[in-house]
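Residue numbers (my numbering): 1 to 212.
Cβ atoms here follow ideal geometry from the backbone N, Cα and C, with glycine treated the same way.
Notes follow the structure.
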């Protein structure tokens with residue numbers, strides 16, 4: 001079955017933007033306009049495995065869309081039947097538009113929180129320290145949209161994803177710097193900007209049915 005591998009959907013892509021020559025597994029990258037949105041995809045003969053190399057290429061192509069007004073990345077490995085792509089987008093169009101409006105003119109900044117000691121044990125108190133630090137960062141940032149994710153190794157690390165207006169990134173980093181400098185025994189490492197991976201909605205059939 002012929003499939004489309006999906007990278008992202010974007011709104012108001014700059015005119016100068018052109019799809020990269022090569023996508024995942026050497027496939028060409030195409031951009032199609034659907035209801036004023038730009039769907040970026042690759043034709044593939046079958047669903048590829050989400051290897052580290054594939055994920056990295058997927059992320060590179062999404063990163064190339066950061067200058068669009070809004071971009072929603074799809075999870076690596078997302079495929080849709082070639083013959084069904086129009087209906088697939090149509091079914092999700094209201095949710096796509098709403099999500100694009102929510103992230104418009106914003107980027108994601110990820111702040112990683114890491115213990116500086118090498119103790120491997122799971123430690124509830126350490127996990128609470130990470131969460132308390134995250135709460136301080138959220139308060140200091142003053143942004144309404146954020147996501148907190150502890151690592152699988154409780155108390156070892158965590159991350160915060162913030163949805164930041166693209167023009168406010170320097171101010172955001174300045175706001176959280178005092179908290180980061182006082183975090184004894186913990187490293188606070190901002191990364192980004194990137195596409196709003198943490199703020200893209202689920203688009204599987206079950207979630208669409210619940211939203212409807």
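One thing to note: residue 19 has its Cβ no nearer than 8 Å to the Cβ of residue 27. Taking a cut-off of 8 Å on C-beta distances, the region 104 to 114 does not touch the region 80 to 92, as fewer than three cross pairs fall below it. Excluding the 5 residues flanking it on each side, residue 140 has same chain C-beta neighbours closer than 8 Å at 175, 176, 178 and 179, in chain order. Note: residue 70 is bridge-paired with 11 in the DSSP secondary-structure output. Considered as a whole, the region 95 to 142 harbours 124 to 141 as its complete alpha helix (DSSP H) runs of no fewer than 4 residues, in chain order.
Excluding residues up to 5 positions away in sequence, 116 lie with their Cβ nearer than 6 Å to the Cβ of residue 185 in the same chain. For residue 163, there is no enclosing alpha helix (DSSP H); the enclosing beta strand (DSSP E) has its first and last residue at 157 to 165. For the set 160, 98, 99 and 54, the Cα lying nearest the Cα of residue 77 is the one of 54. Approximately 16 Å separates the beta-carbon atoms of residue 29 and residue 195; this is outside 8 Å, ruling out the contact. Rounded to whole angstroms, residue 163 and residue 107 show a C-alpha spacing of 6 Å. In the DSSP assignment, residue 33 falls within the beta strand (DSSP E) that extends over 30 to 34. Taking 8 Å as the cut-off, the beta carbon of residue 190 is found closer than this to the beta carbon of residue 173. In the DSSP assignment, residue 173 falls outside any beta strand (DSSP E) and lies within the alpha helix (DSSP H) extending over 169 to 181. As the crow flies, the alpha-carbon of residue 148 is around 11 Å from that of residue 157. Counting along the chain, the unbroken beta strand (DSSP E) around residue 37 starts and ends at 37 to 44.
Distances from the CA of residue 145 to each of 127, 104 and 129 were compared; the closest alpha carbon is that of 104.
A buried status is given to residue 159, since no fewer than 16 other beta-carbon atoms sit within 10 Å of its beta-carbon. Residue 74 has its alpha-carbon roughly 14 Å from the corresponding atom of residue 11. Counting the other CB atoms within 10 Å of its CB gives residue 187 a total below 16, which places it among the exposed residues.
Counting the other CB atoms within 10 Å of its CB gives residue 35 a total below 16, which places it among the exposed residues.
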